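Shown next, in structure tokens, is the structure this report addresses.
Protein chains in written order, with our numbering: chain A, 1 to 273; chain B, 274 to 573.
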């Protein structure tokens, strides 16, 4: 153990500690401030209390906005998953005329037309359709934005599943409906689960589209309400914002724990497209 | 019994016997939504961008086609050129340099620490990526605020309002924190493909860590670096989260392109003008995406 080696080792762990602190410090507030009797913006050891939680649940919009978030996410996730699964399966197994051009176009679209780049036409279109303040309409817009990437990820997944399962089922006389329901769906479950989690997390954190398309406070999701609470300012809100941020984060954290336990966050083989 | 769709194996792998018509029926709902909410808006941007369409007033009821006037006005507009410069700075600082370097450093360093430390660090980095945007924006507002923010407490400096005095630097640090996870994941899987024997040889001939990275690792992951840089640049250029942190302020000092488009369109009501600016963002995205797809195709 030469001195140079020791210095290098210490430098290495100091570096890791700095990185760890950089990522951890901003998140500590989310654990301390919700349960602090006198919450501030800085991180500190709290005077433990649950009074903030009670105040937050009494806030006129807090619970409704979380319900709205759930509603938006449920519709957007369901539409994305079902439509993407149907499309991905057909594109993977059937030689539809113009398939390769279509896939290329989808891949291009999914990265080029983002919510920010298309916010003006989307806003104008929804305005003229009279769908401003429609949660269902907003969920469909969100789903439309997620679909190309979802189709791509699922098609990649289906391509890697051997066809022999379906072939055997056909040989034994199963109808297409039976093949899809009893063979393809169970085999594709990990891929479908990925899409469910991916689209839920995406829709849950989406701020821009609900912010543009939902003007009525009673219909806005948590993403927009958090912004409104922040804008209103005032120290009174420091009792509501921390608890509300925590509540709003919980579903995503639970999903994250589930995924990292079950599958682990790794890229397998190719790169997410 | 002779059946029309008997030869299962000979139709490009249509093993479930779906048939082309039904397959098209399966693809149609997805294509309909994509058509209405992605393709149509993209094309419509082209049209709105050449009109004087406004949110309110006479030009709202009957917009006139003004040709390329919006584009000429944009290039002449100090706010627009300012915003282009800030967007370039944001992408370069936080994505091309920040996330790329930190992501690679994490992937490289964490492969040689104890598993519990590795899992903890990776977990935190991933959490920063996966928490909802409005929440992380508020977390950073709390860190950087002058009124008892954590950074002020740590540095014992209660007088600096970081988001006001250094808005772009704050946004860049924030976005590095927010988005490094993707680069870390990608480089972790890329590094796993570097043959350990080559690294071992480099070590035996006395190469330093940096020399090993440059001469052994980098040639193996060059494609990944390019892919990663393209993707994170695209996402960063289209990120709307800066709006939640600084809303473009103070005095347009952090008004990146997405924020400028929002403020022109929704706060200023200049829909036509804002569309012309969006078109530029779309064109930039298209350029990056085409390079990316070319790369993918060459590799496969």
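All C-beta atoms, glycine included, are put in the ideal place defined by N, C-alpha and C. This one's a predicted model, so the numbers in the text were calculated from it and none came from an experiment.
Beta carbon of residue i nearer than 9 Å to that of residue j
i, j, result
"residue 440 of chain B", "residue 356 of chain B", "no"
"residue 248 of chain A", "residue 405 of chain B", "yes"
"residue 347 of chain B", "residue 549 of chain B", "yes"
"residue 507 of chain B", "residue 558 of chain B", "yes"
"residue 390 of chain B", "residue 379 of chain B", "no"
"residue 176 of chain A", "residue 290 of chain B", "yes"
"residue 119 of chain A", "residue 238 of chain A", "no"
"residue 307 of chain B", "residue 148 of chain A", "yes"
Among the options, the one whose alpha carbon lies nearest that of residue i
i, options, result
"residue 467 of chain B", "B:298, B:311, B:497 and B:294", "B:497"
"residue 189 of chain A", "A:243, A:172, A:158 and A:15", "A:158"
"residue 556 of chain B", "A:45, A:114 and A:31", "A:114"
"residue 27 of chain A", "B:287, B:451 and B:318", "B:451"
"residue 423 of chain B", "A:71, A:42, A:25 and A:47", "A:42"
"residue 262 of chain A", "A:12, A:194, A:65 and A:223", "A:194"
"residue 435 of chain B", "B:429, B:449, B:414 and B:455", "B:414"
"residue 398 of chain B", "B:542, B:457, B:320 and B:509", "B:457"
"residue 442 of chain B", "B:359, B:388, B:349 and B:322", "B:359"
"residue 375 of chain B", "B:460, B:543 and B:489", "B:460"
"residue 565 of chain B", "A:109, A:204, A:164 and A:260", "A:109"
"residue 185 of chain A", "A:81, A:56 and A:25", "A:81"
"residue 339 of chain B", "B:329, B:351, B:320 and B:330", "B:320"
"residue 102 of chain A", "A:72, A:71 and A:152", "A:152"
Whole-Å CB distance - residue i paired with residue j, under 8 Å assumed
i, j, result
"residue 138 of chain A", "residue 214 of chain A", "6 Å"
"residue 197 of chain A", "residue 255 of chain A", "5 Å"
"residue 207 of chain A", "residue 229 of chain A", "In fact, because the Cβ distance is near 13 Å, the residues do not count as touching under 8 Å."
"residue 68 of chain A", "residue 221 of chain A", "5 Å"
"residue 257 of chain A", "residue 65 of chain A", "Not quite, the Cβ-Cβ distance comes to about 24 Å (not below 8 Å), so this is no contact."
"residue 38 of chain A", "residue 133 of chain A", "38 Å between Cβ atoms; not a contact."
"residue 150 of chain A", "residue 79 of chain A", "Residue 150 of chain A to residue 79 of chain A, Cβ: 10 Å. No contact."
"residue 187 of chain A", "residue 161 of chain A", "6 Å"
"residue 199 of chain A", "residue 76 of chain A", "7 Å"
"residue 552 of chain B", "residue 530 of chain B", "Going by Cβ atoms, the distance from residue 552 of chain B to residue 530 of chain B rounds to 11 Å, so no, they are not a contact pair."
"residue 84 of chain A", "residue 303 of chain B", "6 Å"
With 16 other Cβ atoms within 10 Å as the buried cut-off, status of residue i
i, result
"residue 33 of chain A", "buried"
"residue 74 of chain A", "exposed"
"residue 166 of chain A", "buried"
"residue 445 of chain B", "buried"
"residue 242 of chain A", "buried"
"residue 111 of chain A", "buried"
"residue 18 of chain A", "exposed"
"residue 170 of chain A", "buried"
"residue 155 of chain A", "buried"
"residue 395 of chain B", "buried"
"residue 314 of chain B", "buried"
"residue 180 of chain A", "buried"
"residue 93 of chain A", "buried"
"residue 425 of chain B", "buried"
"residue 15 of chain A", "exposed"
"residue 288 of chain B", "buried"
"residue 128 of chain A", "exposed"
Closer than 9 Å to chain E by CB, residue i
i, result
"residue 325 of chain B", "Annotation note: the requested chain E is absent from the structure, which comprises protein chains A and B."
Give me the subset of the segment 165–197 of chain A whose CB atoms are less than 7 Å from a CB atom of chain B, sorted by chain position. Here the close residues are 166, 167, 170, 176, 179, 180 and 184.
Contacting positions in the segment 14–31 of chain A - beta carbon closer than 9 Å to chain B: Residues passing the 9 Å Cβ filter: 15, 16, 19, 20, 22, 23, 24, 25, 26, 27, 28, 29 and 30.
Along the segment 105–133 of chain A, what residues have a CB closer than 8 Å to any CB found in chain B? Look at the segment 105–133 of chain A: the residues with a C-beta under 8 Å from a C-beta of chain B are 106, 107, 108, 109, 111, 112, 113, 114, 115, 116, 117, 118, 119, 120, 121, 122, 123, 124 and 125.
Which residues, in order along the segment 423–439 of chain B, keep a beta-carbon less than 9 Å from a beta-carbon of chain A? Here the close residues are 423, 424, 425, 426 and 427.
Under 8 Å, CB to CB, which of the residues in the segment 535–561 of chain B have a partner in chain A? Listed in sequence order: 535, 538, 539, 544, 547, 548, 551, 554, 555, 558, 559 and 561.
Contact list for the segment 142–153 of chain A against chain B, Cβ threshold 7 Å: Within the segment 142–153 of chain A, the residues whose Cβ lies closer than 7 Å to some Cβ of chain B are 143, 144, 145, 147, 148 and 151, listed in chain order.
Please identify, using Cβ separations under 8 Å, the residues of the segment 295–318 of chain B that lie next to chain A, in order along the chain. Those would be 295, 296, 297, 299, 300, 302, 303, 304, 306, 307, 309, 310, 311, 312, 313, 314, 315, 317 and 318, in chain order.
Could you list the residues in the segment 392–415 of chain B with a C-beta less than 8 Å from some C-beta on chain A, going in chain order? Answer set for the segment 392–415 of chain B: 393, 394, 395, 396, 397, 398, 399, 400, 401, 403, 404, 405, 406, 407, 408, 409, 411, 412, 413, 414 and 415.
Of all the residues that make up the segment 487–514 of chain B, which are near chain A by a beta-carbon distance shorter than 7 Å? So the list reads 500, 507, 511 and 513, given in the order they occur along the chain.
Interface residues of the segment 447–473 of chain B facing chain A [CB-CB below 7 Å]: If the cut-off is 7 Å between Cβ atoms, the segment 447–473 of chain B has 450, 458, 459 and 462 near chain A.
In chain order, what residues of the segment 338–363 of chain B put their CB closer than 7 Å to some CB of chain A? Answer set for the segment 338–363 of chain B: empty.
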